[in-house]
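Asker:
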Amino acid sequence: MYKIIKAEFIAPNVKSFILEAPHIAKKRQAGQFVMLRVHDKGERIPITIADSNTEEGWINIIVQGLGKTSAHLNTLETGDHLQDLVGPLGLPTHIENWGTLVCMSGGVGTAEALPIAAAGKAAGNRVISIIGARNKDLVIAQEQMAEVVDEVRISTDDGSSGRHGLVTDVLQDLMDEGIKPDMIVAIGPLPMMAAVSNQTKEIGIPTMVSLNAIMVDGTGMCGACRATVGGKTVFVCVDGPEFDGHQVDFKELGSRQKMYKKQEEESHKCFLERQMKKMKAEQMNEEVPA
Amino acid sequence: MKRERPQSFNTVAMKERLTIPRQDMPEQDATLRSANFLEVNLGLTPEQAVVEAQRCIECKNPTCMEGCPVNIKIPDFIQLICNEDFIGAAKKIKEDNSLPAICGRVCPQETQCEEVCVMGKRFEPVAIGRLERFVADYAMQHGNGSEEIFGKPKSTGQKVAIVGSGPAGLAVASDLIKEGHAVTVFEALHEFGGVLVYGIPEFRLPKAILREEVATLETMGVKFVKNFIVGRTMTIQELMADEGYDAVFLGLGAGLPRFMNIPGENLNGVYSANEFLTRSNLMRGYEFPEWDTPLYRAKHAIIVGGGNTAMDAVRTSKRLGADEASIVYRRSEEEMPARNEEIHHAKEEGVNFMNLVNPIEFIGDDQGSVVAAKCLRMELGEPDESGRRRPVPMEGSEFIMDVDMVVIAVGNGSNPLISQTTPEIETNKWGNIVADEDGRTSMDGVFAGGDIVSGGATVILAMGAGRKSAIAINDYLKAKVRSSA
Numbered sequence: 051m052y053k054i055i056k057a058e059f060i061a062p063n064v065k066s067f068i069l070e071a072p073h074i075a076k077k078r079q080a081g082q083f084v085m086l087r088v089h090d091k092g093e094r095i096p097i098t099i100a101d102s103n104t105e106e107g108w109i110n111i112i113v114q115g116l117g118k119t120s121a122h123l124n125t126l127e128t129g130d131h132l133q134d135l136v137g138p139l140g141l142p143t144h145i146e147n148w149g150t151l152v153c154m155s156g157g158v159g160t161a162e163a164l165p166i167a168a169a170g171k172a173a174g175n176r177v178i179s180i181i182g183a184r185n186k187d188l189v190i191a192q193e194q195m196a197e198v199v200d201e202v203r204i205s206t207d208d209g210s211s212g213r214h215g216l217v218t219d220v221l222q223d224l225m226d227e228g229i230k231p232d233m234i235v236a237i238g239p240l241p242m243m244a245a246v247s248n249q250t251k252e253i254g255i256p257t258m259v260s261l262n263a264i265m266v267d268g269t270g271m272c273g274a275c276r277a278t279v280g281g282k283t284v285f286v287c288v289d290g291p292e293f294d295g296h297q298v299d300f301k302e303l304g305s306r307q308k309m310y311k312k313q314e315e316e317s318h319k320c321f322l323e324r325q326m327k328k329m330k331a332e333q334m335n336e337e338v339p340a
Numbered sequence: 053m054k055r056e057r058p059q060s061f062n063t064v065a066m067k068e069r070l071t072i073p074r075q076d077m078p079e080q081d082a083t084l085r086s087a088n089f090l091e092v093n094l095g096l097t098p099e100q101a102v103v104e105a106q107r108c109i110e111c112k113n114p115t116c117m118e119g120c121p122v123n124i125k126i127p128d129f130i131q132l133i134c135n136e137d138f139i140g141a142a143k144k145i146k147e148d149n150s151l152p153a154i155c156g157r158v159c160p161q162e163t164q165c166e167e168v169c170v171m172g173k174r175f176e177p178v179a180i181g182r183l184e185r186f187v188a189d190y191a192m193q194h195g196n197g198s199e200e201i202f203g204k205p206k207s208t209g210q211k212v213a214i215v216g217s218g219p220a221g222l223a224v225a226s227d228l229i230k231e232g233h234a235v236t237v238f239e240a241l242h243e244f245g246g247v248l249v250y251g252i253p254e255f256r257l258p259k260a261i262l263r264e265e266v267a268t269l270e271t272m273g274v275k276f277v278k279n280f281i282v283g284r285t286m287t288i289q290e291l292m293a294d295e296g297y298d299a300v301f302l303g304l305g306a307g308l309p310r311f312m313n314i315p316g317e318n319l320n321g322v323y324s325a326n327e328f329l330t331r332s333n334l335m336r337g338y339e340f341p342e343w344d345t346p347l348y349r350a351k352h353a354i355i356v357g358g359g360n361t362a363m364d365a366v367r368t369s370k371r372l373g374a375d376e377a378s379i380v381y382r383r384s385e386e387e388m389p390a391r392n393e394e395i396h397h398a399k400e401e402g403v404n405f406m407n408l409v410n411p412i413e414f415i416g417d418d419q420g421s422v423v424a425a426k427c428l429r430m431e432l433g434e435p436d437e438s439g440r441r442r443p444v445p446m447e448g449s450e451f452i453m454d455v456d457m458v459v460i461a462v463g464n465g466s467n468p469l470i471s472q473t474t475p476e477i478e479t480n481k482w483g484n485i486v487a488d489e490d491g492r493t494s495m496d497g498v499f500a501g502g503d504i505v506s507g508g509a510t511v512i513l514a515m516g517a518g519r520k521s522a523i524a525i526n527d528y529l530k531a532k533v534r535s536s537a
């Protein structure tokens, strides 16, 4: 069992976990992920490592409660335990001094972009962060990002913070201001990474994306996470998770992500019903005087 | 092989032995079992086991032993069964094989010990596999673990790390713990057993049996660490330099599924056999949503390939409720690498065999899910380098069939993790680790065996390789002590 040192919501439905994991903390590099199971009948899911501390022996993951497993995970509190935790997995991000690096991130992807932005800065790049979210409550890690990069720009779908629009609009603003990025890193939901890759392909800026695929073992053994990059099949877990965004078949990956949509909904429904029952039972207990 | 003949306990006259029929193993009814995941074979009864053992004609030169990759003393344990000393028989097997309950179930005996059984030349061979399984189960049920058999050896103070808890790793662990070394097995997944847990289905090898075998090794003193990926969580160099391991054995398995490189292979509903079986076996997808991991329940499933893995996958899809579950194999049944028993069981359970057929494309709907397979009919031409007749496409034979799930079971390549993280260990052009006969790799103190060296093979061959490596590791550790003394 793997101890949760600290758990706290940092945005609606988005929780940050500090996990006891001394071995992983020691080895982990930017861009790598862990596989975890919440309970003894749980599925294995991949989550990118956002931060770590070698001396204190912990890693940090940020989880958005979308499906059954992530929703269940987000019910866990400080002091609880995970069933299984293994890593670090995947190839570390390739970092060099490109010149001007723009890190574009959406949703919880910002937490994952943070270590890459920091590593990019340490390698001598001028780093600009573009953070996108649906609204201002969902903008996460803005302050931490501001600490490590030269400049942070925000975009929200509803205009409640920063520019009203998408991260691609902010990139266009930068270009209009005469800033020419040498390298783009895009991390976030698939449609966002696809839109960025489309945009940068046209203007010829190399773009790296971090793909989130369905995985089972996470070590190359099963091939569930395959994607097409440059016309060739890759395994995201051992060949990635980072790839040249201009080469990725986003349409295929998008439909592969929906492979179990029906089952996931069923599973999520079962979970919510169980949670509801539990809450009702607890309420009953409270109401009955001792 | 010169050896002393075991004491005979067989009271049946030699001539009569030839007339005893080979004892059939009771099994679950085919219609019943094709809808559940319980074990198919039910094992011999004690009475049957004694009768079967009495069929052995006690050859002067027992070829059966040579047919066994780990040279189990087959004539000896058979005589002990004749004497109804089932525990003694189990102990005799465990001198050479630490996992008899597993091997008795999954070994291809018909191409090993039983193939060379002298009885088999004119009659049916002695059912050595069934006897092995019987005594192993008997000993397990009667609480006779190996720790009693071997006692606690004197500690050498030397540490061995075993990477991977599959058949090769477990065999090495068992041999080296008996020598008094401190043995730790590192496993990447959350359960121990490697392919025995993620690959082989419950109906062929119940997980409880596997857990029991692992637990026996634990009581003998083997330490098991799960969720630990050597190469990533800690490198081999760190294990040796920082953690003080004197030797390392790599039993990583093949573990990187091969695909056919034909259009449509990344459609939803197209699985590698590894993924399909892992979702079902390790993750218990067949109990979704009670267990969280989802798995397709297809109506028309095809499984491409003719090996044991293909049989496991097709029988699993049948159990998941497929109306039609078919093997699609490009050669004929004669060339199938699967065990006869698996093919026979699959047929009994209603699996359809489409031999001499090869898919060339999978067709999807607008949601990206597979709905059909385009195939060619094949005929057999001249033998190829494997000695089997080469399948050749028949002109104008193209046809399309409706399918809603495809499982690709055409073998495994090698996992890139170790070559990515430990370049000093030499690998060949297929990515397999280069090791000599005794498992020595190009890195001092590091040994390897099983599928990661040989490419995809069987459980017992991996165990055989593991046992050879165990001898070499033991010698290496002894020499290390001598040179430092």
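Going line by line, the protein sequences match chains A and B.
In our numbering, each residue carries its 1-based index in the first sequence increased by 50.
In our numbering, each residue carries its 1-based index in the second sequence increased by 52.
The beta carbon of each residue, even a glycine, is placed where N, CA and C say it ideally should be.
1. Would you call the segment 424-443 of chain B and the segment 357-364 of chain B touching, i.e. three or more CB-CB distances under 8 Å?
2. Can you pull the chain A neighbours of Gly-307(B), defined as C-beta to C-beta under 7 Å?
3. Are Leu-132(B) and Phe-61(B) close, meaning C-beta to C-beta below 9 Å?
4. Please determine, among Leu-183(B), Glu-239(B) and Val-92(B), the residue with the shortest C-alpha to C-alpha distance to Met-84(B).
5. Can you give the Cα-Cα distance for Ser-150(B) and Pro-253(B), rounded to whole angstroms?
6. Determine, using beta carbons only, whether Lys-211(B) comes closer than 9 Å to chain A.
7. Leu-529(B) to Val-215(B), Cα distance in whole Å?
8. Pull up the distance between the alpha-carbon of Arg-107(B) and that of Thr-115(B), whole angstroms please.
9. Quick check on Thr-493(B): does DSSP put it in helix, strand or coil?
10. Roughly how far, in whole angstroms, is the beta-carbon of Asn-404(B) from the beta-carbon of Ser-384(B), given that I think they are within contact range, below 8 Å?
11. Using the Cβ count rule (16 or more neighbours within 10 Å means buried), how would you classify Met-53(B)?
12. Less than 9 Å between the beta carbons of Met-85(A) and Met-225(A), yes or no?
13. Straight-line CA distance for Glu-317(B) to Ser-421(B)?
14. Three-state secondary structure (DSSP) at Pro-152(B)?
15. Is it true that the segment 100-114 of chain A meets the segment 56-66 of chain A, where meeting means three or more beta-carbon pairs spaced less than 8 Å apart?
16. Which word fits Ser-205(A), buried or exposed, when buried means at least 16 other C-beta atoms lie within 10 angstroms of its C-beta?
17. Quick one, are the C-beta atoms of Asn-135(B) and Val-288(A) less than 9 Å apart?
18. Just how far apart, CA to CA, sit Thr-330(B) and Cys-272(A)?
19. With 16 other CB atoms within 10 Å as the buried threshold, where does Lys-481(B) fall?
20. Using a C-beta to C-beta distance shorter than 8 Å, which residues of chain A count as neighbours of Gln-419(B)?
21. Can you pull the DSSP bridge partners for Cys-427(B)?
22. Could you check the C-alpha separation between Glu-394(B) and Asn-147(A) for me, to the nearest Å?
23. Under three-state DSSP, which class holds Gly-174(A)?
24. Going by beta-carbon coordinates alone, are Ala-293(B) and Ile-525(B) separated by less than 9 Å?
25. Rounded to the nearest angstrom, how far is the Cβ of Ala-487(B) from that of Thr-479(B), given a contact under 8 Å?
26. Spell out a yes or no on whether the segment 272-289 of chain B and the segment 500-519 of chain B are touching, meaning 3 or more CB-CB pairs, one atom from each, closer than 8 Å.
27. Beta carbons nearer than 9 Å to chain A: which residues of the segment 207-239 of chain B have them?
28. Do Val-152(A) and Met-233(A) have their C-beta atoms closer together than 9 Å?
29. Can you pull the chain A neighbours of Phe-311(B), defined as C-beta to C-beta under 9 Å?
30. Counting only beta-carbon atoms, is His-296(A) nearer than 9 Å to chain B?
31. Name the residue from Glu-376(B), Ser-226(B) and Glu-339(B) whose alpha carbon lies nearest to the alpha carbon of Lys-146(B).
32. Any beta-carbon of chain B closer than 9 Å to the one on Arg-87(A)?
33. Keeping to the same chain, check which residues put their C-beta closer than 7 Å to that of Asp-375(B); ignore five residues upstream and five downstream.
34. Listing by chain order, which chain B residues have their CB less than 8 Å from the CB of Gly-137(A)?
35. Taking 9 Å as the threshold (beta carbon to beta carbon), is Tyr-297(B) in contact with chain A?
36. At what residues does the beta strand (DSSP E) containing His-352(B) begin and finish?
Answerer: Answer, in terms of the structure:
1. No, because fewer than three Cβ pairs between the segment 424-443 of chain B and the segment 357-364 of chain B fall closer than 8 Å, the two stretches do not touch.
2. Correct list: Gly-270 and Met-271.
3. Contact: yes.
4. Looking at the sequence itself, residue 84(B) is Leu, so the reference to Met does not match. Considering only alpha carbons, the answer is Val-92(B).
5. Distance between the alpha carbons of Ser-150(B) and Pro-253(B): 21 Å.
6. Judged by the 9 Å Cβ criterion, Lys-211(B) is not in contact with chain A.
7. Going from the Cα of Leu-529(B) to the Cα of Val-215(B) covers about 18 Å.
8. So the alpha carbons of these two residues sit roughly 15 Å apart.
9. If DSSP states are grouped into helix, strand and coil, Thr-493(B) belongs with coil.
10. Their Cβ separation, rounded to whole angstroms, is 15 Å, which puts Asn-404(B) and Ser-384(B) out of contact at 8 Å.
11. Bear in mind that a pLDDT of 48 at Met-53(B), under 50, signals an unreliable position, so the number given afterwards is only what the model happens to contain. By the neighbour-count rule (16 or more Cβ atoms within 10 Å), Met-53(B) is not buried but exposed.
12. The Cβ atoms of Met-85(A) and Met-225(A) lie no closer than 9 Å to each other.
13. Looking at the two C-alpha atoms, the distance is approximately 10 Å.
14. For Pro-152(B), the secondary structure class from DSSP, reduced to helix, strand or coil, is helix.
15. Touching, per the Cβ criterion.
16. Answer is buried; the Cβ neighbour count reaches 16.
17. Contact: no.
18. Inter-residue distance for Thr-330(B) and Cys-272(A) is about 7 Å (C-alpha atoms, whole angstroms).
19. Exposed is the call here.
20. Here the neighbours are Ser-305 and Lys-308.
21. Beta-bridge annotation (DSSP): Cys-427(B) is paired with Pro-411(B) and Phe-451(B).
22. The C-alpha of Asn-147(A) is placed about 57 Å away from the C-alpha of Glu-394(B).
23. In the structure shown, Gly-174(A) sits in coil (DSSP, three-state: anything other than H, G, I, E or B).
24. Taking 9 Å as the Cβ cut-off, Ala-293(B) and Ile-525(B) do not qualify as a contacting pair.
25. Contact between Ala-487(B) and Thr-479(B) does not hold, since their C-beta atoms are separated by about 10 Å, which reaches or exceeds 8 Å.
26. Fewer than three beta-carbon pairs drawn from the segment 272-289 of chain B and the segment 500-519 of chain B are found closer than 8 Å, and the two stretches are therefore not classed as touching.
27. From the segment 207-239 of chain B, no residue has a Cβ closer than 9 Å to chain A.
28. Against a cut-off of 9 Å, the Cβ pair of Met-233(A) and Val-152(A) comes out as a contact.
29. Gly-273, Arg-276 and Thr-283, listed in chain order.
30. Judged by the 9 Å Cβ criterion, His-296(A) is not in contact with chain B.
31. The shortest Cα separation from Lys-146(B) among Glu-376(B), Ser-226(B) and Glu-339(B) belongs to Ser-226(B).
32. At least one chain B Cβ lies under 9 Å of Arg-87(A).
33. Annotation for Asp-375(B): Lys-351 and His-352 place their beta carbon closer than 7 Å to its own, counting only its chain and skipping 5 residues before and after.
34. Within 8 Å Cβ-Cβ: Ile-281, Arg-284 and Thr-285.
35. No, Tyr-297(B) lies away from the interface with chain A (no Cβ there is under 9 Å from its Cβ).
36. Secondary structure note for His-352(B): its beta strand (DSSP E) is the uninterrupted segment 352-356.
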